[in-house]
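Input: a single structure, listed below in structure tokens.
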Amino acid sequence: MYIRPVHAELDVPTLQQFIRSYPLGLFTTSIPSPKYATLQTTHIPFVLSTLEDDPEDKGKLRGHMARANPQAKAIIDALNESGEDELSEEVLILFNAPVHSYVTPKFYVESKPADGKVVPTWDFAAVQVYGRATIHYKNNDATGSFLQQQVEDLSREGEQSMLKRSGKEGIERPWKVSDAPQKYVDTLKKGIIGIEITIERIEGRFKLHQEVSDGDWQGVVDGFKALGTSEGDTMVAMLEQRGSKRSVQ
Numbered sequence: 454m455y456i457r458p459v460h461a462e463l464d465v466p467t468l469q470q471f472i473r474s475y476p477l478g479l480f481t482t483s484i485p486s487p488k489y490a491t492l493q494t495t496h497i498p499f500v501l502s503t504l505e506d507d508p509e510d511k512g513k514l515r516g517h518m519a520r521a522n523p524q525a526k527a528i529i530d531a532l533n534e535s536g537e538d539e540l541s542e543e544v545l546i547l548f549n550a551p552v553h554s555y556v557t558p559k560f561y562v563e564s565k566p567a568d569g570k571v572v573p574t575w576d577f578a579a580v581q582v583y584g585r586a587t588i589h590y591k592n593n594d595a596t597g598s599f600l601q602q603q604v605e606d607l608s609r610e611g612e613q614s615m616l617k618r619s620g621k622e623g624i625e626r627p628w629k630v631s632d633a634p635q636k637y638v639d640t641l642k643k644g645i646i647g648i649e650i651t652i653e654r655i656e657g658r659f660k661l662h663q664e665v666s667d668g669d670w671q672g673v674v675d676g677f678k679a680l681g682t683s684e685g686d687t688m689v690a691m692l693e694q695r696g697s698k699r700s701v702q
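Taking the numbering used here, the leading residue of the sequence shown gets 454, the next gets one more, and so forth.
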């Protein structure tokens, strides 16, 4: 992704928190195959784990996907051919903030009246990760153990997030994988593969009008507020959160 310096976010803890807040990633692979598309992408919710005592650690992403997915089939074919459990090709995962928006030039209260030299744009926030993927797909205890831990961790984080958003954290009991019959869970696990990605590079672009004048920035904030929508309110929160890092170019 093209990242202008004024929009760049390279602070690793900030990027990691973004992933934890918006864990649904676009998992993209580029695997030459005679049977499947070379470029394939799947939406996968990820669990991010980090080493707390290692500030240089960028973390690992853990996820899973259906074996029936053509992307999973291409991955397994490539691994069977290489005899390895790690893909030789680098993988890309893109995480997006759930709200983004078109920005009308009418919001620019300073530059538009002055010379009219304004055009529409789009505000958004995204983080991309590059790394190496180890695939847990073999029918053995190690794969079963990885998948069990993965679905338990993912479910726990999802339940906690949902209860927190609903204001019911500490009130309602979260659902757990152990609430389902183990034989049923084991059967479902046979239909998925595990994905474990060691992060090598991580970077973000938070394009939220950091580069405009004070007047135009406030005009964009006021414009989104005036929409009176939940999406507009979210955009205001994102703009104001990045406001402390504004740098007029």
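The beta-carbon is built from N, C-alpha and C at its ideal position, and this holds for glycine as well.
What you are looking at is a predicted structure, and each value in this text was computed from that prediction instead of being measured.
Nearest-angstrom Cβ-Cβ length linking residue i and residue j, presumed shorter than 8 Å
{"i": "Ile648", "j": "Ile588", "result": "6 Å"}
{"i": "Gly584", "j": "Ile650", "result": "4 Å"}
{"i": "Val544", "j": "Phe480", "result": "7 Å"}
Local Cβ density within 10 Å of residue i, reported as buried at 16 or more and exposed below that
{"i": "Gln493", "result": "buried"}
{"i": "Lys591", "result": "exposed"}
{"i": "Val604", "result": "buried"}
{"i": "Thr482", "result": "buried"}
{"i": "Gln635", "result": "exposed"}
{"i": "Gln613", "result": "exposed"}
{"i": "Gln702", "result": "Residue placement at Gln702 is poorly supported in this model, since its pLDDT is 48, which falls under 50; the coordinates still yield a value, given next. Burial call: exposed."}
{"i": "Glu534", "result": "exposed"}
{"i": "Ile484", "result": "buried"}
{"i": "Ile472", "result": "buried"}
{"i": "Gly623", "result": "exposed"}
{"i": "Gly672", "result": "buried"}
{"i": "Gly569", "result": "exposed"}
{"i": "Val580", "result": "buried"}
{"i": "Val556", "result": "buried"}
{"i": "Arg695", "result": "buried"}
{"i": "Glu462", "result": "buried"}
{"i": "Val571", "result": "buried"}
{"i": "Gly478", "result": "buried"}
{"i": "Ala586", "result": "buried"}
{"i": "Leu504", "result": "exposed"}
Pick from the options that is closest to residue i, judged by C-alpha positions
{"i": "Lys513", "options": "Val665, Asp686, Phe480, Glu653", "result": "Glu653"}
{"i": "Leu641", "options": "Leu477, Ala519, Met454, Ser483", "result": "Ala519"}
{"i": "Glu684", "options": "Pro551, Glu543, Ala595", "result": "Pro551"}
{"i": "Asp464", "options": "Phe499, Lys511, Asn549", "result": "Lys511"}
{"i": "Glu693", "options": "Leu680, Gly681, Ala679, Asp675", "result": "Asp675"}
{"i": "Glu542", "options": "Ser598, Asn549, Leu532", "result": "Leu532"}
{"i": "Ser502", "options": "Glu610, Leu616, Glu625, Arg457", "result": "Glu610"}
{"i": "Lys454", "options": "Pro627, Ser631, Val582", "result": "Sequence inspection shows Met at residue 454; the Lys mentioned does not correspond to that position. Among Pro627, Ser631, Val582, the Cα nearest to that of Met454 belongs to Val582."}
{"i": "Ala521", "options": "Glu462, Arg626, Ile645", "result": "Ile645"}
{"i": "Ser752", "options": "Ser474, Ile472, Asp632, Pro523", "result": "Within the shown structure, residues of the chain are numbered from 454 to 702, placing residue 752 beyond reach of any answer."}
{"i": "Arg457", "options": "Ala679, Phe499, His662, Lys621", "result": "His662"}
{"i": "His517", "options": "Gly620, Lys643, Tyr489", "result": "Lys643"}
{"i": "Asp594", "options": "Val571, Ser631, Asp639, Gly620", "result": "Asp639"}
{"i": "Gln602", "options": "Leu479, Phe499, Thr495", "result": "Phe499"}
{"i": "Asp538", "options": "Tyr637, Thr596, Asp606", "result": "Thr596"}
{"i": "Ala679", "options": "Val459, Pro476, Lys559, Tyr489", "result": "Lys559"}
{"i": "Phe677", "options": "His553, Tyr489, His460", "result": "His553"}
{"i": "Val459", "options": "Asp686, Ala690, Thr682, Glu664", "result": "Glu664"}
{"i": "Leu607", "options": "Ala690, Arg515, Gly620", "result": "Arg515"}
Check your understanding: Between the region 572-579 and the region 523-531, do at least 3 Cβ pairs fall closer than 8 Å?
Key -> no
**Study point:** Inter-stretch contact at 8 Å, needing at least 3 Cβ pairs: the region 454-472 / the region 651-658
**Key:** yes
Practice item. For the region 563-573 and the region 660-678, state whether three or more C-beta atom pairs, one from each stretch, are separated by less than 8 Å. Key: yes
Check your understanding: Which runs of the beta strand (DSSP E), 3 residues or longer, sit entirely within the region 497-569?
Key -> 500-502, 513-519, 544-549, 554-556
Review point. Can you give, in chain order, each stretch of the beta strand (DSSP E) that sits fully within the region 596-681 and has at least 3 residues?
Key: The DSSP assignment places complete beta strand (DSSP E) segments of no fewer than 3 residues inside the region 596-681 at 645-660, in order along the chain.
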